[in-house]
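Asker: Input: one structure, supplied below.
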Amino acid sequence: MEADIDMWLDESDGDVGDLSLGSDSDRDHASVEELSEHDTESEQEADEQEQMQFRSMDNQPFVLGKDNVTKWFLHCPQQGSRVRTRHHNIVTERFGLQGEAKNCHSPLEAWKLFFNDDTIQSIVTNTNKYLEKIRPKYRRGRDCKETNPDELLSFIGLLYLSGVLKSSHVNLQDLWKKDITTPNCFRMTMGINRFKILLRSLRFDDIDTRLERKRTDRLAPVRELFDGFVQCCIKSYKPGNNCTIDEMLEGFFGRCPFKQYIPSKPNKYGIKIFSLVDSKTFLRSAWRSMLENSLRGRLGLITHHLQW
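Just so we're aligned, residue 309 is where the sequence shown starts under this note's numbering, counting upward by one.
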């Protein structure tokens, strides 16, 4: 009996020794497996929290998009303390004024960012070409003399002033009256006949090549000015991470082959433009006219101006 007990004790000591004599690589492997299991559990826990967050959003009020599938929630989701922002949603660029716009200290300096000397001179040159063309129709040549940058800036200033005074529907004769009902700056800047001639003769493109350009571009009369203004908007301001792309109707009552009528807009007649606007500051960053509003055009507007 005692011999059997001694044999059992020897066998148990051998088993314990085998367990304690494991190699270092085995111990390292066991520890690595432990860490990997821990990481997997943490990832699963994060995924479960994210799924719980999405499930909780199902009870939030929302509106359906035009496709009757996309849900737009009325309230922002509550970010938990352990929920991390996805990498593609992290904005690393600073938004706001950029380039020469940072050095502007007055409204006139800001205005010249969009209508610089080259733009004004281009308008003067194209306007003078048209004035020269219609000059033979006037009995006196001085009534249709050429303009210059100073006179053009004065003309634009009067347009701004009439807008400030909300005189868009006021007869021009009333603005040039010699009484106390109208400001003196209108008749002291230029005569009413000269104002009418400039208002009629203002041109933004080369009239000699317009017909050729209109075959491929219906926006040819203002294409150079329009594209230049949009580029100045892009260079001067970088929008934030919340932007809106939607249509707007710029009021226009003149002759235009693609003028639209939308009764729900404040200006019922005008030119439809798709605009990229900062939702916080309401500043426009890019425009695209209705003529360019194909599916490819809208995607190009988004990809070109939102890839920072």
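Every residue, glycine too, gets a C-beta built ideally from N, C-alpha and C.
Please return the same chain residues whose Cβ sits closer than 6 Å to the Cβ of F561, not counting the five positions on each side in sequence.
Answerer: Counted from its first residue, the sequence shown places residue 561 at position 253. Cβ neighbours of F561 beyond the five flanking positions: Y577.
Asker: Just the Cα atoms here: how many angstroms apart are C493 and K374?
Answerer: Taking the first residue of the sequence shown as position 1, residue 493 is located at position 185. Taking the first residue of the sequence shown as position 1, residue 374 is located at position 66. Cα to Cα, C493 sits roughly 51 Å from K374.
Asker: What do you reckon, are the CB atoms on L421 and S544 nearer than 8 Å?
Answerer: Numbered from its first residue, the sequence shown carries residue 421 at position 113. Numbered from its first residue, the sequence shown carries residue 544 at position 236. Yes, the Cβ-Cβ distance between L421 and S544 is below 8 Å.
Asker: C541: which of S414, R596 and D487 sits nearest, CA to CA?
Answerer: Here the question's residue 541 lines up with position 233 in the sequence shown. Measuring from the Cα of C541, the nearest candidate turns out to be R596.
Asker: Would you check if the segment 411–431 and the segment 447–463 touch, i.e. whether three or more CB-CB distances between them fall below 8 Å?
Answerer: A contact exists between the segment 447–463 and the segment 411–431.
Asker: Contact check, D451 vs N411 under 8 Å by CB: the rounded distance?
Answerer: For the purposes of this step, residue 451 is taken as residue 143 along the sequence shown, with counting starting at 1. For the purposes of this step, residue 411 is taken as residue 103 along the sequence shown, with counting starting at 1. Contact flag wrong, Cβ pair sits at about 42 Å.
Asker: Across which residues does DSSP place E558 in a beta bridge pair?
Answerer: For the purposes of this step, residue 558 is taken as the residue at position 250 of the sequence shown. BP columns for E558 point to I579.
Asker: Could you please give the first and the last residue of the uninterrupted alpha helix (DSSP H) stretch that includes K543?
Answerer: Start at 1 with the first residue of the sequence shown, and residue 543 comes out as number 235. Counting along the chain, the alpha helix (DSSP H) containing K543 begins and ends at R531 to S544.
Asker: Does the beta-carbon of S593 have 16 or more other beta-carbons within 10 angstroms, so that it is buried, or is it exposed?
Answerer: Locating residue 593 in the sequence shown gives position 285, counting from the first residue. When all chains shown are included, S593 counts as buried.
Asker: For T393, does the count of other Cβ atoms within 10 angstroms reach 16, so buried, or fall short, so exposed?
Answerer: Locating residue 393 in the sequence shown gives position 85, where the first residue counts as 1. It is exposed - the Cβ of T393 has fewer than 16 other Cβ atoms within 10 Å.
Asker: Using 8 Å as the cut-off, can you tell me whether the segment 432–446 makes contact with the segment 475–495, which would need three or more C-beta pairs spanning the two stretches below that distance?
Answerer: Counting Cβ pairs under 8 Å, fewer than three are found: no touch.
Asker: Leaving out five residues on either side along the sequence, give the residues of the same chain with a beta carbon under 7 Å from the beta carbon of W419.
Answerer: The sequence position of residue 419 within the sequence shown is 111, counting from 1. The answer is none, since no qualifying residue turns up.
Asker: Exposed or buried, L506, counting other C-beta atoms within 10 Å across all chains shown (16 or more means buried)?
Answerer: As a working mapping, residue 506 is identified with position 198 in the sequence shown. Buried is the call here.
Asker: Which of helix, strand or coil does DSSP assign to T552?
Answerer: As a first step, residue 552 is located in the sequence shown; it is residue number 244 there, counting from the start. Of the three classes helix, strand and coil, the one that applies to T552 here is strand, per DSSP.
Asker: Could you tell me whether the Cβ atoms of F582 and R526 are closer together than 8 Å?
Answerer: Stepping through the sequence shown from its first residue, residue 582 is reached at position 274. Stepping through the sequence shown from its first residue, residue 526 is reached at position 218. Not closer than 8 Å, so no.
Asker: Can you find a heavy atom of the ligand GTP that lies under 7 Å from the Cβ of A594?
Answerer: Absence of the ligand GTP is noted for the structure shown, with no ligands found whatsoever.
Asker: I need the straight-line Cα distance from K453 to R443, nearest angstrom please.
Answerer: As a first step, residue 453 must be located in the sequence shown, where it is residue number 145. As a first step, residue 443 must be located in the sequence shown, where it is residue number 135. If I take the Cα positions, the gap works out to 8 Å.
Asker: Starting from F370, follow the beta strand (DSSP E) in both directions and report where the run begins and ends.
Answerer: Translated into positions along the sequence shown, residue 370 becomes position 62. That run of the beta strand (DSSP E) goes F370 to L372.
Asker: DSSP has G404 in a bridge; who is on the other side?
Answerer: By one-based count along the sequence shown, residue 404 stands at place 96. Paired residue(s): K546.
Asker: To which residues does DSSP link K567 through a beta bridge?
Answerer: Taking the first residue of the sequence shown as 1, we reach residue 567 at position 259. DSSP, once it has assigned bridges, lists no residue as partnering K567.
Asker: Cβ atoms of G536 and T455: under 8 Å apart, would you say?
Answerer: Here residue 455 refers to the residue found at position 147 when the sequence shown is read from its first residue. Here residue 536 refers to the residue found at position 228 when the sequence shown is read from its first residue. No.
Asker: Here's a check: name, in chain order, each residue in its chain whose Cβ is nearer than 8 Å to the Cβ of D336, leaving out the five neighbours to either side.
Answerer: Stepping through the sequence shown from its first residue, residue 336 is reached at position 28. Low local confidence applies: a pLDDT of 44 at D336 is under 50, so the model's placement there is unreliable, with the coordinate-based value given in what follows. Once the five neighbours on either side are set aside, D336 has no close Cβ partner at all.
Asker: DSSP three-state label for D425, please.
Answerer: For the purposes of this step, residue 425 is taken as residue 117 along the sequence shown, with counting starting at 1. In this structure, D425 counts as helix in the three-state DSSP scheme.
Asker: Taking DSSP as the reference, what is the three-state secondary structure of V585?
Answerer: Here residue 585 corresponds to residue number 277 of the sequence shown, with the count starting at 1. Strand at V585.
Asker: Can you tell which of W380, G548 and E408 has the C-alpha that lies nearest to the C-alpha of R402?
Answerer: Sequence index remark: in the sequence shown, residue 402 carries index 94 (1-based). Checking every option, the nearest Cα to that of R402 belongs to G548.
Asker: For P491, collect the residues of the same chain with a Cβ closer than 8 Å to its Cβ; drop the 5 residues on either side in sequence, then sort them by chain order.
Answerer: As a first step, residue 491 must be located in the sequence shown, where it is residue number 183. Excluding positions up to five away in sequence, the list reads L469 and L473.
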